[in-house]
Amino acid sequence: MKRSVAKFTIENTGSTTDVVKNMKFRFSGNCSNKWNPTTGLAADVSVVTPTIEMSNTYSRFNAYVFLSSAEEENIKVDVEMLDSEGSLLKSLSFENVHLKTNYVTKYTTGDLFGVTSSADFTFSDAEFMDSGTGKNF
């Protein structure tokens with residue numbers, strides 16, 4: 000059976016931190032956390048909000064969604080990095096993220112946890128086949 004999810008990965012190639020305790024994702028657009036086994040696609044359209052508990056040794060952060068079709072180009076992904084109190088330390092927002100069912104879209108940055116106002120992202124292969132839709136910015 001093929002995977003019926005799209006995988007979104009943020010990879011940090013810079014230093015890690017123990018200050019960030021949770022990374023909260025928010026996916027919106029034609030996606031869901033509910034799966035229709037008949038179609039193999041999303042059962043509805045809803046906001047998906049997975050939270051990843053952090054460790055200062057993590058460098059790759061994965062989130063999964065079901066798409067409304069095999070390929071969606073209009074997904075918005077917001078990422079919040081929170082401290083132990085739940086206070087916002089840093090946020091990222093990606094518009095028009097291109098996701099494909101059974102593929103990974105990987106965004107890579109040199110210093111995800113830095114305090115600069117910009118970051119450079121690229122994409123590369125991972126466990127899922129590369130979707131070819133990652134972005135540099």
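In numbering that gives the first Met the number 0, the protein residues as written are 0 to 136.
Just so you know, even glycine gets a beta-carbon here, dropped at the ideal spot from N, CA and C.
Query, Result
"Whether Ser-67 touches Ala-41 by CB criterion (8 Å)", "yes"
"Nearest-angstrom Cβ-Cβ length linking Val-76 and Val-96, presumed shorter than 8 Å", "5 Å"
"Proximity to Phe-93 [Cα-Cα], best of Gly-133, Val-19, Thr-12", "Gly-133"
"Assigned exposure category for Val-46 - 16 Cβ within 10 Å defines buried", "exposed"
"Ser-27, enclosing beta strand (DSSP E) - first and last residue", "21 to 27"
"Collapsed DSSP secondary structure at Asn-135 in the structure displayed", "Low per-residue confidence applies at Asn-135: pLDDT is 46, beneath 50, and the placement is therefore not dependable enough to give any value."
"Burial state of Thr-8 (16 or more Cβ within 10 Å)", "buried"
"Beta-carbon separation (whole angstroms), Val-18 vs Leu-88, contact threshold 8 Å", "7 Å"
"Whole-angstrom distance between Phe-24 and Val-78, CA atom to CA atom", "5 Å"
"Chain D contact for Ser-14 (CB, 8 Å cutoff)", "Annotation note: the requested chain D is absent from the structure, which comprises a single protein chain."
"Coil, strand or helix - Glu-10 by DSSP", "strand"
"Cβ-heavy atom distance, Val-47 to the ligand GTP, below 7 Å", "Summarising the ligand content, the structure contains no ligands, and the ligand GTP is consequently not present."
"Selection from Asn-101, Met-53, Pro-49 that minimises the alpha carbon distance to Ala-69", "Asn-101"
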